[in-house]
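Here is the structure we will look at, set down as structure tokens.
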Amino acid sequence: MADPLQLKVAVVGAGVSGLIAARELQREGHRVIIFEKSDKIGGLWVYDPRTESDPLSHEMVHSSLYFSLRTNLPRALMGFSDFAFSDREYGDPRDFPGHPEVAAYLNDFATRFGLAELVQFNSEVVRVEAVGGRLDEWVVEWRSEGGVNSEEQVFDAVVVCNGHITVPRLAHIPGIEKWPGKQIHSHNYRVPEPFKDQVVVVIGNGASAYDISRDISTVAKEVHISSRDPAVKYSKLPHHPNIWQHSAIYTAEEDGTIEFQDGSSVQASIILHCTGYKYEVPFLKTNGIVTIDDNRVGPLYKHVFPPQLAPRLSFVGLPQKVIIFNMMELQSKWIARVLSGRVCLPSEEEMMADVKEYYQEMTALKRPTHLTHYLLNCEEVSHLFSLLFLFFFLVLNYDLRLSYLKQQQTHLSLHNV
Ligand SMILES: Cc1cc2nc3c(=O)[nH]c(=O)nc-3n(C[C@H](O)[C@H](O)[C@H](O)COP(=O)(O)OP(=O)(O)OC[C@H]3O[C@@H](n4cnc5c(N)ncnc54)[C@H](O)[C@@H]3O)c2cc1C
Numbered sequence: 003m004a005d006p007l008q009l010k011v012a013v014v015g016a017g018v019s020g021l022i023a024a025r026e027l028q029r030e031g032h033r034v035i036i037f038e039k040s041d042k043i044g045g046l047w048v049y050d051p052r053t054e055s056d057p058l059s060h061e062m063v064h065s066s067l068y069f070s071l072r073t074n075l076p077r078a079l080m081g082f083s084d085f086a087f088s089d090r091e092y093g094d095p096r097d098f099p100g101h102p103e104v105a106a107y108l109n110d111f112a113t114r115f116g117l118a119e120l121v122q123f124n125s126e127v128v129r130v131e132a133v134g135g136r137l138d139e140w141v142v143e144w145r146s147e148g149g150v151n152s153e154e155q156v157f158d159a160v161v162v163c164n165g166h167i168t169v170p171r172l173a174h175i176p177g178i179e180k181w182p183g184k185q186i187h188s189h190n191y192r193v194p195e196p197f198k199d200q201v202v203v204v205i206g207n208g209a210s211a212y213d214i215s216r217d218i219s220t221v222a223k224e225v226h227i228s229s230r231d232p233a234v235k236y237s238k239l240p241h242h243p244n245i246w247q248h249s250a251i252y253t254a255e256e257d258g259t260i261e262f263q264d265g266s267s268v269q270a271s272i273i274l275h276c277t278g279y280k281y282e283v284p285f286l287k288t289n290g291i292v293t294i295d296d297n298r299v300g301p302l303y304k305h306v307f308p309p310q311l312a313p314r315l316s317f318v319g320l321p322q323k324v325i326i327f328n329m330m331e332l333q334s335k336w337i338a339r340v341l342s343g344r345v346c347l348p349s350e351e352e353m354m355a356d357v358k359e360y361y362q363e364m365t366a367l368k369r370p371t372h373l374t375h376y377l378l379n380c381e382e383v384s385h386l387f388s389l390l391f392l393f394f395f396l397v398l399n400y401d402l403r404l405s406y407l408k409q410q411q412t413h414l415s416l417h418n419v
């Protein structure tokens with residue numbers, strides 16, 4: 003086997019995905035620069051009390067954290083394999099700690115593995131492009147904060163880790179143009195006080211919708227959660243004196259009324275959209291090879307490598323509804339080893355066929371395009387499993403691999419009986 007390649011790699015972003023990508027690239031012998039547009043490590047976990055001037059949009063604030071946020075996964079599932087979060091605490095020992103605890107953990111991780119030294123802060127990447135159509139040379143152009151001119155450097159590979167929970171996606175509400183109330187997206191929600199004595203309609207059915215509803219119910223007059231999930235029926239939430247659950251909004255009226263599809267209605271003064279975010283990679287120039295269509299970044303083999311540009315361009319952290327830290331670590335190990343040549347990818351045609359098959363499965367299951375990176379439970383298991391499988395073959399010794407294979411064979415044959 004030829005010596006592993008040691009490449010010069012640019013990582014865009016110093017959030018969870020950028021940090022773990024850099025760690026794994028470095029461990030594999032690659033030389034890494036992390037470009038980070040802010041002056042801090044941690045990405046979304048750096049709480050920012052500021053909000054945008056337009057409460058429905060994103061302009062300058064990266065983080066979408068609210069002040070009261072506690073993790074929705076236990077700390078045991080929010081760490082990296084050789085630097086467990088559950089072994090550490092920074093003042094908040096709860097299993098589901100507040101957000102400052104995660105930020106402290108990430109800083110600790112970066113310090114422990116010398117990652118902070120790799121970060122070029124205040125450097126917003128504005129262009130990533132293959133040099134002259136070659137796939138092994140990538141130009142990265144960045145602009146320093148306050149800088150007039152941009153700078154650029156050529157790298158052997160680029161790993162995109164810019165996050166995707168910053169740019170609001172909004173619900174379409176019939177009649178909203180004439181509705182007189184105020185609207186805000188959860189990206190711009192920080193604290194409950196501005197909702198004091200208000201009647202608020204919260205749109206959404208995810209963790210943020212329920213978290214924020216509970217948060218504002220401490221000061222608001224009434225909170226009405228609207229979900230398009232057909233299983234949701236009009237009801238009052240138990241244990242909450244002022245929270246109701248409704249179906250999707252049918253219409254918003256000029257007199258302030260919000261009518262729901264289940265026939266109920268309320269006079270509301272604020273609509274809070276907890277309706278998710280848009281994937282955006284504005285700096286990536288690929289002549290249409292990688293596109294974003296209704297939150298589908300693609301085509302990407304296993305949500306990581308664009309077949310036509312692999313392996314020198316890759317993405318970490320796109321899947322949602324997963325155990326995020328573990329998934330990012332496995333994706334990063336995979337990228338680092340593919341770049342060094344210790345692991346091979348399938349051919350471009352095979353990767354493309356795999357992507358097409360995935361899209362066809364989605365169509366057959368009637369899953370909308372915008373859920374491309376939401377892994378179903380079985381997909382999540384198989385995604386993590388295929389990444390784990392690769393890892394297993396790389397790092398464990400031969401005997402272990404053999405016994406693992408034997409175990410699998412027994413499992414499969416049992417399954418096929
Ligand atoms: C309200 C909320 C609660 C959450 N709770 C949990 C939880 O409990 N557990 C969990 O595991 N996950 C949770 N998440 C998911 C969270 O998104 C991930 O944990 C993680 O922060 C994603 O990391 P990332 O590195 O992909 O993106 P980010 O954290 O967004 O980091 C991206 C980084 O890239 C930088 N960047 C972007 N563009 C550029 C550019 N052009 N040039 C240079 N730098 C750039 C940004 O400044 C940022 O530092 C939550 C998310 C939200 C919104």
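For the sequence shown, this note's numbering assigns the number 3 to the initial residue and increments by one for each residue that follows. Idealized CB from N, CA, C, for every residue including glycine. Keep in mind it's a predicted model, so treat the numbers as computed, not measured.
Are residue i and residue j closer than 9 Å when you measure CB to CB?
i	j	result
Val160	Ala12	yes
Val421	Phe69	Residue coverage of the chain in this structure runs from 3 to 419, which leaves residue 421 outside it and unanswerable.
Val121	Ala132	no
Ile218	Val204	yes
Phe307	Leu332	no
Val128	Phe327	no
Lys198	Ala222	yes
Phe123	Ser40	yes
Leu108	Val14	no
Lys280	Pro102	no
Ala254	Ile245	no
Val191	Ile227	The amino acid occupying residue 191 in the given sequence is Tyr; Val does not appear at that position. Taking 9 Å as the Cβ cut-off, Tyr191 and Ile227 do not qualify as a contacting pair.
Tyr303	Met354	yes
Leu320	His166	yes
Leu377	Lys323	yes
Leu137	Ala24	no
Gln269	Val318	no
Gly183	Gly135	no
Asp89	Gly81	yes
State buried or exposed for residue i, treating a residue as buried only when at least 16 other CB atoms are found within 10 Å of its CB.
i	result
Leu398	The predicted position of Leu398 is uncertain, since its pLDDT is 45 and thus under 50; a value taken from the coordinates is nonetheless stated next. Looking at its Cβ environment, which holds fewer than 16 other Cβ atoms inside 10 Å, Leu398 is exposed.
Lys335	buried
Ala78	exposed
Gln362	exposed
Gly44	buried
Ile22	buried
His248	buried
Gly148	exposed
Arg52	exposed
Ala211	buried
Asn151	exposed
Arg114	exposed
If I measure Cβ to Cβ from residue i and keep anything under 7 Å in the same chain, skipping five residues before and after, which residues do I get?
i	result
Leu396	Caution applies to Leu396, whose pLDDT of 49 falls short of 50 and renders its modelled position unreliable; the model cannot decide the point.
Leu172	Leu58, His187, His275, Thr277
Gly265	none
Ser146	Asn124, Ser125
Glu195	Val221
Ile175	Ile251, Ala254
His241	none
Leaving out five residues on either side along the sequence, give the residues of the same chain with a beta carbon under 6 Å from the beta carbon of residue i.
i	result
Gln185	Leu58, Ile273
Lys10	Arg33, Phe157, Asp158
Val316	Contrary to the premise, residue 316 reads as Ser rather than Val in this sequence. Around Ser316: Val161, Val306, Phe307, Ile337.
Arg298	Thr371, Thr374
Ala312	Leu347
Leu27	Val11, Val34, Ala338
Glu139	Val133, Val156
Phe37	Val14, Gln122, Ser125, Val127, Trp144
Ser229	Asn207
Thr293	none
Based on the DSSP secondary-structure assignment, which residues constitute the bridge partners of residue i?
i	result
Thr53	Looking at the DSSP assignment, Thr53 forms no beta bridge with any residue, so it has no partner.
Leu286	Val130
Pro170	Tyr279
Ala12	Ile35, Val160
Leu274	Ile186, Val204
Ser267	Glu261
Ile294	Val299
Leu72	Reading off the sequence, residue 72 comes out as Arg, not Leu. Answer by DSSP bridge pairing, in chain order: Gly100.
Tyr316	Contrary to the premise, residue 316 reads as Ser rather than Tyr in this sequence. DSSP lists Val161 as partners of Ser316.
Less than 9 Å between CB atoms is the rule here; does residue i satisfy it with respect to chain B?
i	result
Lys335	No chain B appears in the structure shown, which is made up of a single protein chain.
Short of 8 Å in beta carbon distance, which residues of its chain neighbour residue i, apart from the five on each side in sequence? Order them along the chain.
i	result
Asp50	Val63, His64, Ser65, Leu67
Tyr105	It should be noted that the sequence gives Ala, not Tyr, for residue 105. Correct list, in chain order: Gly44, Trp47, Val48, Tyr49.
Ala209	Asn74
Arg29	Ala338
Asp231	Asn207
Alpha helix (DSSP H) segments (min. 4 residues) lying fully within the stretch 325–360: Runs found: 326–342.
Uninterrupted beta strand (DSSP E) stretches inside the stretch 182–257 (no shorter than 3 residues): Segments of the beta strand (DSSP E) lying fully in the stretch 182–257: 184–187, 201–205, 224–228, 245–248, 251–254.
Alpha helix (DSSP H) segments (min. 4 residues) lying fully within the stretch 75–155: List check, alpha helix (DSSP H) in window: 101–114.
Those runs of the alpha helix (DSSP H) which lie wholly inside the stretch 16–44 and span at least 4 residues: The stretch 16–44 contains these whole alpha helix (DSSP H) runs: 18–29.
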